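Same order as they appear, the protein sequences are chains Z and Y. So the first sequence is residues 40 to 452, counted in the working numbering. So the second sequence is residues 508 to 743, counted in the working numbering. Using N, Cα and C, we set each Cβ at its ideal position, and we do this for glycine too. None of the values given here were measured: they were computed from a predicted structure.
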Amino acid sequence: MGNLFKISVRNLFRYKRRTFLTTSLIAFGVIFVLGYTSISGSFKNMMIGQVTDSMIGHLQVHRKGYVASIENLPLNMNLNPQAARKVESLLKLQPEVEDYSPRIKFGGMFSTFVETTNIRLNGVYPEKEFKTIPLLSSRITDGRKTLHRGEILIPELLARGMKAKIGDMIVIVATNQDGSVNGKQFEIAGILESATGPGGRDGYIHIEDAMEVLRMEEMEISEVAIRIKDFGQVETFTRKLDGLLSGEVNRQGARSLEVHSWQQLSPFYNIARMIDMMTIFIQLMLIAVVLISIMNVMIMAVYERIREIGTIAAIGTLPMKILSMFLMEGLCLGVIGTVIGNVIGMVIIFILNVSGWVTFDFGRQKGLVLSPTVDPVNMLVVSAIVIFVSVFASLQPALKASRMDPIQALRHV
Amino acid sequence: MKLIQVKNVSKEYRTGEITVKALRGVSFEIERASFVSFVGPSGSGKTTILNLIGCLDKPTEGELKVSGTDVAGLSRKESAAFRGKHIGFIFQDFNLMPVLTVYENIEYPLLMVQSLPSTERKDRVEKLLEEVGMADQKNKYPDQISGGQKQRVAVARALVTNPELVLADEPTANLDSETAYAVINLMKKMKDGFGTTFVFSTHDQKIVGEAEIVYFLADGKLVDEKVKGGKNGQPV
Ligand SMILES: Nc1ncnc2c1ncn2[C@@H]1O[C@H](COP(=O)(O)OP(=O)(O)O)[C@@H](O)[C@H]1O
Ligand SMILES: [Mg+2]
């Protein structure tokens with residue numbers, strides 16, 4: 040083995056320029072893939088972060104059917120008080136849960152005494168909401184983390200349209216489930232920047248104010264937004280919670296609760312998937328580059344060394360050994376290219392990180408600085424693929440070498 | 508038992524419509540520890556016969572035994588293993604591996620063909636380096652030494668596995684006559700020292716005198732046999 044390695048490396052050094060070109064090509068491909076995946080990956084993560092942390096949360100629990108008709112914010116599809124208590128007590132027991140926030144969602148009229156328009160509102164416990172949706176406070180004009188009773192946070196488009204300012208008194212009028220209309224006065228405590236995605240243009244009031252407006256005797260919440268500690272576990276935890284809540288059934292015996300992860304709640308999941316698809320596509324291109332360049336160089340190597348192959352075959356080197364010799368050469372090319380590519384790629388990503396050159400806008404959020412990170416698993420996978428493909432690409436030329444007839448090979452000029 | 512037994516061996520090469528009869532019913536036997544040469548003009552079948560004895564090719568007809576083994580019946584892989592174990596080769600163009608040093612070239616068959624423990628390997632290589640007078644050049648690469656030196660290295664490489672038989676197809680064709688003599692004499696010395704049988708081909712009449720037994724080939728047939736110090740010109 041060590042000897043095969045020695046011979047392979049010496050042969051690679053024998054054709055310095057060709058080896059240099061091939062390894063550079065592979066290294067370049069690896070750098071490109073590494074750079075692309077880390078930039079697109081961190082873009083994706085940042086986008087998902089924006090989506091989950093400024094409105095949706097990581098996952099949500101609703102009464103069955105609520106999500107399907109969420110556009111109407113149907114009050115008659117809220118959770119009944121026992122179901123809500125059941126969900127909350129369950130969530131308190133889950134070690135994965137960072138925090139959760141029950142919300143009463145409803146639509147109503149927003150009146151400045153001069154003008155009136157529609158508004159969609161979330162009634163929330165402010166402490167819970169700010170913990171579950173950590174980017175919410177950054178959306179508020181003055182970055183506040185509080186919302187007292189009698190205060191309202193209104194979306195900026197509404198504020199602009201209605202010429203409403205912080206400190207203004209306004210009235211919210213809403214019709215409750217039984218059809219009775221009620222109103223309540225609020226003071227504008229903050230203007231909310233829009234978030235991209237569903238619910239990104241909703242206003243906020245205290246949950247108890249919402250109960251008052253809707254004349255609820257007992258709290259009937261529309262949804263529970265949940266934030267878990269390890270975002271990577273979203274899908275696992277969604278399934279777990281879904282299983283835990285599967286026992287909740289209505290009188291007909293059908294399930295009364297449903298759990299949705301952010302992927303099912305936000306259209307951005309499709310964009311995230313598209314980014315993943317493109318990453319796979321780029322990796323396929325890398326495979327093609329490695330395959331073609333290694334195959335090319337190994338075909339040349341075999342062709343140039345026909346007489347040498349004839350010699351070693353004549354003196355009794357077994358076909359397997361000759362095969363391994365050329366496979367080893369392809370392996371070495373692949374490994375050298377991969378190592379160089381990984382090192383340079385990481386340096387480039389490090390520089391990008393330190394410099395903060397890569398910025399982008401997401402929805403109305405401007406100048407977000409991307410901090411590309413290298414996912415070690417991804418790096419290992421890419422390296423393993425490149426090295427495997429290098430060996431695979433050498434297989435055909437190596438087989439050819441191992442099957443050569445020594446007499447023919449020795450006569451070759 | 509004779510080392511090589513060849514009985515009525517013929518070899519035809521077929522290329523498309525044309526069939527070339529390279530050997531036409533050749534028979535001979537070669538004893539162990541002998542120094543044998545095949546002589547004849549170009550195209551007479553010298554290379555063909557050496558390839559057959561060397562298990563690199565199969566006869567079209569006839570019987571061929573090397574060291575008691577019917578080599579015509581061996582598979583590709585078995586032939587390779589047989590060559591690695593029993594036969595050493597010396598080539599006209601030396602055919603050293605350019606990426607390996609003199610030492611490593613001699614060591615190669617012990618590493619890649621026969622697997623030998625490293626101390627024994629070192630002993631054998633060092634000993635042969637001394638024997639062929641290349642010990643002081645052992646770290647040079649083939650392109651740093653002369654043709655005669657390359658062929659000395661090739662002789663050492665052929666002998667390092669302790670084969671019973673060494674085959675050399677025109678080993679001196681690319682050497683000047685002085686060097687050619689030196690190489691043939693080296694081979695002879697090795698034959699005496701190790702008891703290895705050497706079979707070489709040449710069309711150089713001057714070199715032929717060094718062989719103990721000379722077979723003359725013409726048109727694929729043995730036309731004469733000469734035993735040194737004995738009855739010359741005895742037809743076969
Ligand atoms: N592979 C081959 N295909 C066709 N003809 C061959 C082949 N090898 C040798 N010959 C022919 O066989 C004859 C003997 O060749 P060879 O054994 O090489 O002679 P020598 O070594 O004495 O010059 C020649 O006529 C040569 O052209
Ligand atoms: Mg010849």
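Margin query: Applying the 10 Å Cβ sphere with the 16-neighbour rule, what's the burial state of Phe596 (chain Y)?
Written below: Residue mapping note: residue 596 (chain Y) aligns to position 89 of the second sequence, counting from 1. Phe596 (chain Y) comes out buried.
Note to self: At the 8 Å Cβ level, is Gly740 (chain Y) part of the contact set with chain Z, yes or no?
What the structure shows: Sequence index remark: in the second sequence, residue 740 (chain Y) carries index 233 (1-based). Because the pLDDT at Gly740 (chain Y) is just 46, under 50, the model does not fix this residue reliably, and the value given afterwards should be weighed accordingly. No, because no Cβ of chain Z sits closer than 8 Å to the Cβ of Gly740 (chain Y).
Checklist line | Residues of the region 434–448 of chain Z whose Cβ lies closer than 7 Å to any Cβ of chain Y, in chain order | finding: Pro445, Ile446
Note to self: Any beta carbon of chain Z sitting closer than 8 Å to that of Pro548 (chain Y)?
What the structure shows: Working through the second sequence from its first residue, we reach residue 548 (chain Y) at position 41. Closer than 8 Å: no.
Check: So which of Z:Ile244, Z:Ile310, Z:Leu130 has the shortest CA-CA distance to Phe20 (chain Z)?
Finding: Chain Z is shown from 40 up to 452; residue 20 (chain Z) falls before or after that span and cannot be answered.
Next item on the list: Could you tell me if the beta carbon of Lys728 (chain Y) falls within a distance shorter than 7 Å of some heavy atom in ligand 2?
Entry: The residue given as residue 728 (chain Y) occupies position 221 in the second sequence. Not so, every heavy atom of ligand 2 lies at least 7 Å from the Cβ.
Notebook entry, point to check: Between the C-alpha atoms of Leu196 (chain Z) and Arg159 (chain Z), what's the straight-line distance to the nearest angstrom?
Noted result: As a position in the first sequence, residue 196 (chain Z) is number 157, starting the count at 1. As a position in the first sequence, residue 159 (chain Z) is number 120, starting the count at 1. Using only the alpha carbons, I get a separation of about 13 Å.
Margin query: For Met148 (chain Z), list the residues DSSP reports as bridge partners.
Written below: Reading the first sequence from its first residue, position 109 is the one you call residue 148 (chain Z). Bridge partners of Met148 (chain Z): Z:Asn157, Z:Val212.
Item checked: Any non-hydrogen atom of ligand 2 closer than 7 Å to Lys676 (chain Y) Cβ -> Here the question's residue 676 (chain Y) lines up with position 169 in the second sequence. The residue you asked about is not Lys; residue 676 (chain Y) is Asp in the sequence shown. Result yes, Cβ under 7 Å from ligand 2.
Margin query: Out of Y:Phe589, Y:Ser582, Y:Asp564, which one is the CA nearest neighbour of Gly574 (chain Y)?
Written below: Counted from its first residue, the second sequence places residue 574 (chain Y) at position 67. The question names Gly, yet the displayed sequence has Ser at residue 574 (chain Y). Taking only the C-alpha atoms, the option nearest Ser574 (chain Y) is Y:Phe589.
Notebook entry, point to check: Is it a yes or a no for the region 374–382 of chain Z touching the region 62–72 of chain Z, going by three-plus beta-carbon pairs under 8 Å?
Noted result: yes
Checklist line | Contact check, Ser433 (chain Z) vs Phe389 (chain Z), beta carbons under 8 Å | finding: The count along the first sequence starts at 1 and reaches residue 433 (chain Z) at position 394. The count along the first sequence starts at 1 and reaches residue 389 (chain Z) at position 350. Going by C-beta atoms, Ser433 (chain Z) is not nearer than 8 Å to Phe389 (chain Z).
Item checked: Chain-ordered residues of the region 577–591 of chain Y with a beta carbon less than 8 Å from chain Z -> Arg583, Lys584, Ala587, Ala588, Phe589, Arg590, Gly591
Margin query: Can you give me the C-alpha to C-alpha distance between Gly271 (chain Z) and Val210 (chain Z), rounded to a whole angstrom?
Written below: By 1-based counting over the first sequence, the position of residue 271 (chain Z) is 232. By 1-based counting over the first sequence, the position of residue 210 (chain Z) is 171. For Gly271 (chain Z) and Val210 (chain Z), the distance between alpha carbons rounds to 42 Å.
Notebook entry, point to check: For Ser551 (chain Y), is the beta carbon positioned less than 7 Å from some heavy atom of ligand 1?
Noted result: Translated into the one-based positions of the second sequence, residue 551 (chain Y) becomes position 44. Correct: Ser551 (chain Y) has its Cβ closer than 7 Å to ligand 1.
Check: Are the C-beta of Gly355 (chain Z) and some C-beta of chain Y separated by less than 8 Å?
Finding: Here residue 355 (chain Z) is taken as the residue at index 316 of the first sequence, counted from 1. Gly355 (chain Z) counts as touching chain Y.
Note to self: Let me check one thing: in DSSP terms, what residues is Thr76 (chain Z) bridge-paired to?
What the structure shows: Translated into the one-based positions of the first sequence, residue 76 (chain Z) becomes position 37. None, per the DSSP bridge assignment.
Check: Between which two residues does the beta strand (DSSP E) containing Thr704 (chain Y) stretch?
Finding: For the purposes of this step, residue 704 (chain Y) is taken as residue 197 along the second sequence, with counting starting at 1. That run of the beta strand (DSSP E) goes 704–709.
Item checked: Rounded separation between Gly74 (chain Z) and Gly80 (chain Z) - CA only -> For the purposes of this step, residue 74 (chain Z) is taken as the residue at position 35 of the first sequence. For the purposes of this step, residue 80 (chain Z) is taken as the residue at position 41 of the first sequence. Roughly 10 Å separates the two Cα atoms.
Check: For Asn558 (chain Y), is the classification buried or exposed, using 16 other Cβ atoms within 10 angstroms of its Cβ as the cut-off for buried?
Finding: Position 51 of the second sequence, counted from the first residue, corresponds to residue 558 (chain Y). Per the 10 Å Cβ criterion, buried.
Item checked: chain Y within 8 Å of Thr61 (chain Z), Cβ atoms only -> Residue 61 (chain Z) sits at position 22 when you count from the first residue of the first sequence. For Thr61 (chain Z), the answer is no, since every Cβ of chain Y falls outside 8 Å of its Cβ.
Note to self: I need the straight-line Cα distance from Val609 (chain Y) to Asp699 (chain Y), nearest angstrom please.
What the structure shows: Against the second sequence, residue 609 (chain Y) aligns to sequence position 102. Against the second sequence, residue 699 (chain Y) aligns to sequence position 192. Roughly 24 Å between the two C-alpha positions.
Note to self: Is Gln527 (chain Y) close to ligand 1? I mean its beta-carbon at under 7 Å from any heavy atom of the ligand.
What the structure shows: Translated into the one-based positions of the second sequence, residue 527 (chain Y) becomes position 20. Sequence inspection shows Val at residue 527 (chain Y); the Gln mentioned does not correspond to that position. At least one heavy atom of ligand 1 is nearer than 7 Å to the Cβ of Val527 (chain Y), so yes.
Check: Which partner residues does Pro141 (chain Z) have in the DSSP bridge list?
Finding: Translated into the one-based positions of the first sequence, residue 141 (chain Z) becomes position 102. Partner(s): Z:Val263.
Note to self: So that I know if they touch, is there some Cβ in chain Z lying closer than 8 Å to that of Val606 (chain Y)?
What the structure shows: Locating residue 606 (chain Y) in the second sequence gives position 99, counting from the first residue. By this cut-off, Val606 (chain Y) is an interface position.
Item checked: Nonlocal neighbours in the same chain, by C-beta distance under 7 Å from Ile387 (chain Z), ignoring five residues either side -> The count along the first sequence starts at 1 and reaches residue 387 (chain Z) at position 348. Here the set comprises Ile70, Gly74.
Next item on the list: Please list, in chain order, all residues of the same chain as Leu456 (chain Z) whose beta carbon is under 7 Å from its beta carbon, the five residues on each side excluded.
Entry: Residue 456 (chain Z) lies beyond the range of chain Z shown here (40 to 452); nothing can be said about it.
Notebook entry, point to check: Regarding Thr554 (chain Y) and ligand 2, is the C-beta to nearest heavy atom distance less than 7 Å?
Noted result: Here residue 554 (chain Y) corresponds to residue number 47 of the second sequence, with the count starting at 1. At least one heavy atom of ligand 2 is nearer than 7 Å to the Cβ of Thr554 (chain Y), so yes.
Notebook entry, point to check: Does at least one heavy atom of ligand 1 sit under 7 Å from the Cβ of Met377 (chain Z)?
Noted result: For the purposes of this step, residue 377 (chain Z) is taken as the residue at position 338 of the first sequence. The amino acid at residue 377 (chain Z) is misidentified as Met; the sequence shows Thr. Result no, Cβ not under 7 Å from ligand 1.
Item checked: Assigned secondary structure, Ala107 (chain Z) (DSSP; H/G/I helix, E/B strand, else coil) -> Along the first sequence, one-based indexing puts residue 107 (chain Z) at 68. Ala107 (chain Z): helix per DSSP, three-state reduction.
Checklist line | Length of the line joining the Cα atoms of Val743 (chain Y) and Glu732 (chain Y) | finding: Counting from 1 along the second sequence, the entry for residue 743 (chain Y) is found at position 236. Counting from 1 along the second sequence, the entry for residue 732 (chain Y) is found at position 225. Residue confidence is low: Val743 (chain Y) scores 42 on pLDDT, short of 50, so the model does not pin down where it sits. Its coordinate-derived value is still stated next. C-alpha separation (whole angstroms): 6 Å.
Check: From this set, Z:Tyr342, Z:Pro411, Z:Asn157, Z:Asn119, which residue's C-alpha is nearest Ser441 (chain Z)'s C-alpha?
Finding: Within the first sequence, numbered from 1, the residue matching residue 441 (chain Z) stands at position 402. That would be Z:Tyr342, whose Cα lies nearest to the Cα of Ser441 (chain Z).
Item checked: Backbone CA spacing between Thr156 (chain Z) and Leu323 (chain Z) [nearest angstrom] -> Against the first sequence, residue 156 (chain Z) aligns to sequence position 117. Against the first sequence, residue 323 (chain Z) aligns to sequence position 284. Near 52 Å, if we compare the C-alpha coordinates of Leu323 (chain Z) and Thr156 (chain Z).
Item checked: CB of Leu571 (chain Y) within 8 Å of CB of Thr555 (chain Y), strictly -> As a first step, residue 571 (chain Y) is located in the second sequence; it is residue number 64 there, counting from the start. As a first step, residue 555 (chain Y) is located in the second sequence; it is residue number 48 there, counting from the start. For Leu571 (chain Y) and Thr555 (chain Y), no; Cβs fall outside 8 Å.
Next item on the list: Grab the span of the alpha helix (DSSP H) containing Thr686 (chain Y) for me, first residue to last.
Entry: Here the question's residue 686 (chain Y) lines up with position 179 in the second sequence. Residues 684–701.
Notebook entry, point to check: Since Glu347 (chain Z) meets chain Y, which of its residues come closer than 7 Å, beta carbon to beta carbon?
Noted result: The residue you call residue 347 (chain Z) lines up with position 308 of the first sequence. Per Cβ cutoff of 7 Å: Met604.
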